[in-house]
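> Chains as they are written, first to last, in my numbering: chain A, 1 to 290; chain B, 291 to 540; chain C, 541 to 940. Beta carbons: idealized from backbone N, C-alpha and C, even for Gly. Bear in mind that the values here come from a model prediction, so they are computed numbers and not experimental data. Sending over a structure as structure tokens; questions will come in a sec.
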Amino acid sequence: MSSTIASRKRRNEQIAFWLFRLLSFGVVAILFYILYFLVSNGIKAISWEFITQMPEDGMTKGGIYPAIIGTLYLVAGSMIFAFPIGVASAIYINEYTKDGVLKKIIKQMTNNLAGIPSIIFGLFGMALFVNQLKFGDSILAGSLTLGLLALPVVIRTTEEALKAVPDTFRQASLGLGASKWQTTSKVVIPIAFPNIITGLILSIGRVSGETAPILFTVAAYFLPKLPQSIFDQVMALPYHLYVITTSGTNVAESRPMAYGTALVLIVIVLIANLLANALRKYFGKKVKMN
Amino acid sequence: MNKLESIDLNLYYSDFHALKNVSMAVKANTVAALIGPSGCGKSTYLRTFNRMNDLIDNVKIDGGVLLDGKDIYDKAVVTDELRKQVGMVFQKPNPFPKSIYENVAYGLRVNGINNKKILDESVEKSLQQSALWDEVKDKLKKSAFELSGGQQQRLCIARALAIEPTVILMDEPASALDPISTSKIEELIYELKKKYTIVIVTHNMQQAGRVSDYTAFFYMGSLIEYGETKEIFTNPKNQQTQNYITGRFG
Amino acid sequence: MKARKIKEKIIESILLASSSITSITVLLIVVFLFSQGVSLFGDSTVEKGSVMAVNKNNPVKELTGSQIKEIFDQNVVYWNEIGGKKDTIILFRIDDIGNYYSDEEIGENFEGLSECVSRLVDSIPGILAYFPEKYLSKNFKGKVLPLEKVSLKTLFKGKEWFPSAQPAAQIGAMPLILGTLWVSLGAILLALPLGLATAVYMSDIAHGKVRRVMKPLIELLAGIPSVVYGFFGLIVIVPLVQQVFNLPVGETALSGSIVLGIMALPTIITVSEDAMRNTPRAMKEASLALGATKWQTIYRVVIPCSASGITAGAILGIGRAIGETMAVLMVTGNAAVIPHTILEPVRTIPATIAAELGEAAQGGLHFKALFALGCILFIITLIINLLVESISASNKHKSH
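Now the structure itself:
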């Protein structure tokens with residue numbers, strides 16, 4: 001009896017493991033296929049002209065230069081806003097507050113903000129920045145909206161980075177008579193810096209692909225020139241991809257442009273991920289060696 | 291015949307040579323204690339007897355480990371069948387987040403026994419053997435986490451006994467417990483030896499002296515000295531053993 | 541010494557101010573969303589400055605927005621269908637005035653128009669007149685119907701979303717709410733088993749090397765923008781669904797679910813894999829030491845121990861799916877009708893906002909209705925987030 005049970009146990013395990021292996025390889029295959037499909041099609045569309053020229057002929061020809069520049073502006077704008085504020089909040093949460101009501105509220109609100117769908121940021125950005133503050137559809141309005149969206153990401157990654165700094169460093173510094181801010185700025189932040197930068201890079205990856213928040217705050221359908229001020233509209237990569245696949249003047253003919261744009265977006269995310277991982281590894285090793 | 295035996299056993303974690311040519315034998319119905327400083331390989335050695343080391347990536351073993359004269363690292367041996375014969379109790383009590391009853395019944399259930407009558411009998415018998423029955427018989431359905439640390443450890447012993455092993459491995463079973471719970475566990479070990487062969491890793495020299503018949507001293511992955519406990523404690527042949535026992539290092 | 545203290549204080553206040561920005565933002569979002577959304581209630585679905593009037597003997601006291609639409613679509617032709625007499629409904633729009641009166645009677649500058657309308661409504665028992673308020677004469681002989689005010693009932697009972705409909709805008713949110721839920725639930729039903737299987741495989745079955753390849757790939761795919769997934773869905777999934785099910789169009793709820801499911805996979809996999817890897821090693825070892833196989837250990841110990849983490853991952857996945865905008869907008873076909881099967885086009889709340897906000901006049905009914913949708917979405921996602929938090933909080937509590 002015991003041997004039949006034993007062999008049944010083993011058979012069940014084999015069946016289960018094969019099933020799980022099959023399903024996971026299926027998942028990996030799907031994910032790989034998506035990447036392969038987008039990369040192999042995109043690579044044909046990409047050329048030097050594609051990334052340096054204005055779109056032409058109803059966006060069926062030419063390049064996506066203004067969209068790339070637009071996205072760069074928006075990423076830069078949103079980070080100028082979100083990075084300092086996010087890092088400062090994380091420092092306050094992690095270094096200054098004790099576990100208490102205030103900390104709880106701040107953390108809860110940050111979590112809530114992180115959970116809000118991006119389209120709501122779009123609605124809010126339009127209501128506050130475009131209409132109420134009269135920035136109009138502009139880089140300023142779009143950057144602020146994206147910045148708010150990125151804020152929780154920056155806060156969370158910075159917080160993790162600060163938490164990873166051992167308390168002994170703080171105690172050592174405080175014990176030598178350094179003030180709280182001296183300890184934070186001279187000891188804690190330098191140690192946490194690589195991880196904070198990692199967070200910054202990941203938020204850049206996130207922000208550069210967001211479409212919904214810029215729909216009504218900045219994105220231009222077709223604008224073959226570069227912005228002159230922060231009150232101008234710009235084209236942006238994700239919105240451009242959306243537009244030329246769904247509502248362009250000639251969807252079929254802009255297909256290669258769409259593949260190219262999608263690939264550019266993927267490459268941005270890829271670079272952000274690789275850079276973040278590399279930084280983590282590099283500095284992780286360095287810290288361990290010390 | 292020896293119940294357990296290892297012959298020229300070597301174990302490597304990647305490049306690290308964790309066990310070096312360990313040969314020793316344990317007689318049936320005796321208690322063997324493994325002592326030595328932290329990192330000496332005694333826990334690793336204990337875990338070769340139920341092939342727990344298999345779970346770690348990049349572990350390589352050569353040499354032989356025999357249970358009742360048969361090599362347990364033979365290709366034909368199935369680890370879960372082996373582990374039914376060689377039970378294990380861990381350093382920290384690690385009951386499952388289930389009821390007291392289900393904790394003891396777990397080993398039977400995974401081996402296809404779901405008959406209520408058999409389970410009931412086995413749970414009672416095992417809990418009695420581990421001297422826990424009187425304390426928990428009225429709350430078998432309660433979560434195992436409601437028990438004290440010492441009770442949890444005896445529950446883990448009962449759990450190991452339920453599958454009726456012939457060998458019980460104990461990895462510092464009392465290190466996380468208070469003195470009273472510790473002495474209960476030690477009494478239990480003394481009782482269990484009548485039916486089982488026990489190998490116990492311990493940090494506590496007095497404990498080794500109290501519970502074991504044989505003692506093995508490990509240092510840096512090698513078995514330095516092995517013999518009757520009385521001999522080892524009163525008349526060690528090796529200088530390192532003597533140093534360790536008299537508390538000069540470790 | 542004193543200067544140093546002041547500097548410290550200043551820095552601390554700057555930090556505090558920064559950390560309050562998230563809270564302020566959440567509050568502002570609530571204020572803006574709800575002030576616009578709530579101002580919808582009290583507005584009428586009939587265009588401002590217009591009047592609906594009936595003959596004074598008509599017993600009908602009021603018409604709802606959907607009744608008006610049914611009448612103008614000629615789905616309702618008799619007054620007794622909506623609680624009146626047996627008369628046929630005779631629709632009158634201001635442009636029809638020429639059919640009843642001569643130009644002289646109306647007057648060159650429409651000075652007689654008000655009088656004509658009044659007489660007309662008085663003379664036809666079954667009339668329903670729809671005309672600008674400025675042509676309502678002072679001694680109007682008909683009965684002006686009170687215009688229905690938008691209420692929660694309009695929003696949640698209405699079966700149609702057609703905010704630009706004339707004369708009465710249809711702002712029933714139900715098709716959109718259902719569309720959102722259908723697509724999201726479909727996505728989770730697809731993604732959960734696949735995601736869990738992958739998580740189990742990665743955490744407890746696969747060799748370390750396999751895991752080290754899979755994990756970064758999955759993380760990378762979590763970072764790809766939703767618009768790119770939408771693009772992929774439109775080009776690959778939509779035609780596939782169309783072909784496989786032999787449909788007139790491939791933009792369906794199912795396509796949305798598939799794309800969202802693929803997008804939810806990385807979230808579900810990483811969250812549940814983390815939960816499973818957090819199962820104490822001692823638990824797994826205890827089970828294996830009792831002669832359980834690896835698989836028995838997985839389903840008897842690892843999965844129950846990480847159940848709350850897995851649930852949190854699943855709910856988080858649903859939350860993401862519900863709020864997802866671009867991908868859904870691109871692949872679901874955006875028909876604002878209550879779906880009957882998953883092979884029909886549907887429209888979700890976020891997609892509706894994204895598609896229509898650009899064309900809605902600021903401050904108008906349509907605009908406010910979109911903000912009201914935003915409020916609904918906000919509340920749904922807030923509930924989901926709180927749910928996830930309470931689950932992971934109770935989980936932390938348990939593991940201590």
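1. Alpha carbons only, please: which of GLU411(B), ALA434(B), LEU372(B), ASP503(B) is nearest the one belonging to ARG341(B)?
2. Beta-carbon within less than 8 Å of PRO665(C)'s beta-carbon, same chain only, minus the 5 sequence neighbours each way: which residues are those?
3. In this structure, how does DSSP classify PHE702(C) when only helix, strand and coil are distinguished?
4. Assuming TYR239(A) and ILE139(A) form a contact by the criterion Cβ under 8 Å, report the distance between their Cβ atoms to the nearest whole angstrom.
5. I'd like to know if the region 753-772 of chain C and the region 40-58 of chain A are in contact, where contact means that at least 3 CB-CB pairs between them fall below 8 Å.
6. Give the interface partners of ARG8(A) over in chain B, defined as CB-CB distance under 8 Å, in chain order.
7. Which term fits MET291(B), buried or exposed, when burial requires 16 or more other beta carbons within 10 angstroms of its beta carbon?
8. Can you check whether the CB of THR565(C) is closer than 9 Å to the CB of LEU151(A)?
9. Assuming TYR242(A) and THR217(A) make a contact with CB atoms under 8 Å, what is their CB distance in whole Å?
10. Just to confirm before moving on: does the CB-CB distance between ALA308(B) and GLY511(B) stay below 9 Å?
11. Just to make sure I have the definition right: I need the residues of chain B whose C-beta is within less than 8 Å of the C-beta of ILE15(A). Which are they?
12. According to DSSP, is MET314(B) helix, strand or coil?
13. Who are the Cβ neighbours of PRO385(B) in its own chain at under 8 Å, not counting the five residues just before and after it?
14. Tell me where the beta strand (DSSP E) around THR505(B) begins and ends.
15. Hey, how far is the Cα of ILE758(C) from the Cα of LEU31(A)?
16. With respect to the alpha helix (DSSP H) encompassing ASP428(B), which residues constitute its N-terminal and C-terminal limits?
17. Please name the residue, chosen from GLY796(C), ALA746(C), ILE862(C), ILE838(C), that lies closest to VAL868(C) on a Cα-to-Cα basis.
18. Taking Cβ-Cβ distances below 8 Å as the criterion, which residues of the region 357-387 of chain B are in contact with chain A?
19. Bridge partners for PRO55(A) per DSSP, in chain order?
20. Between TRP701(C) and GLY712(C), which are expected to be in contact by the criterion C-beta below 8 Å, what is the C-beta distance as a whole number of angstroms?
21. With a cut-off of 9 Å, does the C-beta of LEU830(C) fall near any C-beta of chain F?
22. Out of PHE771(C), SER642(C), LYS681(C), state which residue places its alpha-carbon closest to the alpha-carbon of SER247(A).
23. Name, please, each residue of chain C whose Cβ falls closer than 9 Å to the Cβ of THR197(A).
24. Whose C-alpha, out of GLY904(C), LEU603(C), PRO885(C), ASN620(C), is nearest the C-alpha of PRO703(C)?
25. I'd like to know if ILE5(A) contacts chain B, where contact means its C-beta is closer than 9 Å to some C-beta of that chain.
26. Taking buried to mean at least 16 other C-beta atoms within 10 Å of its own C-beta, is VAL578(C) buried or exposed?
27. Give the DSSP-derived three-state secondary structure of ALA161(A) in the structure shown.
28. First and last residue of the alpha helix (DSSP H) that includes THR334(B)?
29. Does LYS824(C) have its Cβ less than 9 Å from a Cβ in chain B?
30. Of all the options VAL234(A), LEU274(A), LEU123(A), which has the alpha carbon lying nearest to the alpha carbon of GLY77(A)?
31. Taking the beta strand (DSSP E) that GLU298(B) belongs to, which residues open and close that run?
32. Skipping 5 residues on each side, what residues in its chain have a beta carbon closer than 8 Å to that of LYS589(C)?
33. Note down, in chain order, every chain A residue with its Cβ under 8 Å from the Cβ of LEU761(C).
34. Are ASP298(B) and GLN381(B) close, meaning C-beta to C-beta below 9 Å?
35. Helix, strand or coil, according to DSSP, for LEU716(C) in the structure here?
36. Could you spell out the range, first to last residue, of the beta strand (DSSP E) harbouring SER631(C)?
Working from what's here:
1. Translated into positions along the second sequence, residue 341(B) becomes position 51. ARG341(B) has its Cα closest to that of LEU372(B), out of GLU411(B), ALA434(B), LEU372(B), ASP503(B).
2. Indexing the third sequence from 1 puts residue 665(C) at position 125. Scanning its chain for C-beta atoms nearer than 8 Å, with the 5 sequence neighbours on each side dropped, one finds around PRO665(C) the residues ASN595, ASN597, ASN598, LYS625, ASP627, in chain order.
3. Counted from its first residue, the third sequence places residue 702(C) at position 162. DSSP places PHE702(C) in strand when its eight states are reduced to three.
4. Sequence index remark: in the first sequence, residue 239(A) carries index 239 (1-based). Sequence index remark: in the first sequence, residue 139(A) carries index 139 (1-based). Going by Cβ atoms, the distance from TYR239(A) to ILE139(A) rounds to 13 Å, so no, they are not a contact pair.
5. no
6. Indexing the first sequence from 1 puts residue 8(A) at position 8. Here the neighbours are GLY402.
7. Counted from its first residue, the second sequence places residue 291(B) at position 1. MET291(B) is exposed by the Cβ-count criterion.
8. The sequence position of residue 151(A) within the first sequence is 151, counting from 1. The sequence position of residue 565(C) within the third sequence is 25, counting from 1. Contact flag set, yes.
9. In the first sequence, counting from the first residue as 1, residue 242(A) sits at position 242. In the first sequence, counting from the first residue as 1, residue 217(A) sits at position 217. Going by Cβ atoms, the distance from TYR242(A) to THR217(A) rounds to 15 Å, so no, they are not a contact pair.
10. For the purposes of this step, residue 308(B) is taken as residue 18 along the second sequence, with counting starting at 1. For the purposes of this step, residue 511(B) is taken as residue 221 along the second sequence, with counting starting at 1. Yes, the pair counts as a contact, with Cβ atoms nearer than the cut-off.
11. Along the first sequence, one-based indexing puts residue 15(A) at 15. By Cβ distance, chain B contributes nothing, its closest Cβ being about 16 Å from ILE15(A), past 8 Å.
12. As a working mapping, residue 314(B) is identified with position 24 in the second sequence. MET314(B): strand per DSSP, three-state reduction.
13. Here the question's residue 385(B) lines up with position 95 in the second sequence. Same-chain partners within the cutoff: ASN393, ALA434, PHE435, LEU437, GLN442, LEU445, CYS446, ARG449.
14. Stepping through the second sequence from its first residue, residue 505(B) is reached at position 215. First-last of the beta strand (DSSP E) with THR505(B): 504-509.
15. On the third sequence, residue 758(C) is found 218 positions in, with the first residue counted as 1. On the first sequence, residue 31(A) is found 31 positions in, with the first residue counted as 1. Going by the C-alpha atoms only, they are around 8 Å apart.
16. Here residue 428(B) is taken as the residue at index 138 of the second sequence, counted from 1. From DSSP, ASP428(B) is part of no alpha helix (DSSP H); its letter is neither H nor E.
17. Translated into positions along the third sequence, residue 868(C) becomes position 328. The residue with the shortest Cα to Cα distance from VAL868(C) is GLY796(C).
18. VAL368, ASP370, GLU371
19. Stepping through the first sequence from its first residue, residue 55(A) is reached at position 55. Note: PRO55(A) sits in a beta bridge opposite GLY62(A).
20. Start at 1 with the first residue of the third sequence, and residue 701(C) comes out as number 161. Start at 1 with the first residue of the third sequence, and residue 712(C) comes out as number 172. The Cβ separation is near 6 Å, so the contact holds.
21. This model lacks chain F altogether, as its protein chains are A, B and C.
22. Mapped onto the first sequence, residue 247(A) falls at position 247. Comparing Cα-Cα distances from SER247(A) to each of PHE771(C), SER642(C), LYS681(C), the minimum goes to PHE771(C).
23. Here residue 197(A) is taken as the residue at index 197 of the first sequence, counted from 1. According to the sequence shown, residue 197(A) is Ile rather than Thr. Near ILE197(A) there are no residues of chain C at all, since even the closest Cβ is about 17 Å away, more than 9 Å.
24. Counting from 1 along the third sequence, the entry for residue 703(C) is found at position 163. Among GLY904(C), LEU603(C), PRO885(C), ASN620(C), the Cα nearest to that of PRO703(C) belongs to GLY904(C).
25. The residue you call residue 5(A) lines up with position 5 of the first sequence. Yes, contact with chain B.
26. Numbered from 1 along the third sequence, position 38 holds the residue referred to as residue 578(C). It is exposed - the Cβ of VAL578(C) has fewer than 16 other Cβ atoms within 10 Å.
27. As a first step, residue 161(A) is located in the first sequence; it is residue number 161 there, counting from the start. The three-state secondary structure of ALA161(A), taken from DSSP, is helix.
28. Sequence index remark: in the second sequence, residue 334(B) carries index 44 (1-based). Start and end: 332-338.
29. Within the third sequence, numbered from 1, the residue matching residue 824(C) stands at position 284. It does; some Cβ of chain B falls within 9 Å.
30. Counted from its first residue, the first sequence places residue 77(A) at position 77. When each option's Cα is compared against that of GLY77(A), the closest is VAL234(A).
31. Start at 1 with the first residue of the second sequence, and residue 298(B) comes out as number 8. The sequence shown places Asp at residue 298(B), not Glu. Note, ASP298(B): beta strand (DSSP E), 292-303.
32. Here the question's residue 589(C) lines up with position 49 in the third sequence. The sequence given here has Gly at residue 589(C), not Lys. Only PRO672, GLU673, LYS674 meet the Cβ criterion.
33. Taking the first residue of the third sequence as 1, we reach residue 761(C) at position 221. What LEU761(C) touches in chain A: LEU31, ILE34, LEU35.
34. Sequence index remark: in the second sequence, residue 298(B) carries index 8 (1-based). Sequence index remark: in the second sequence, residue 381(B) carries index 91 (1-based). No. Outside cutoff.
35. For the purposes of this step, residue 716(C) is identified with residue 176 of the third sequence, where counting begins at 1. Reduced to three states, the DSSP call for LEU716(C) is helix.
36. In the third sequence, counting from the first residue as 1, residue 631(C) sits at position 91. The sequence as given places Leu at residue 631(C); Ser does not occur at that position. 630-633 is the span of the beta strand (DSSP E), which, as asked, contains LEU631(C).
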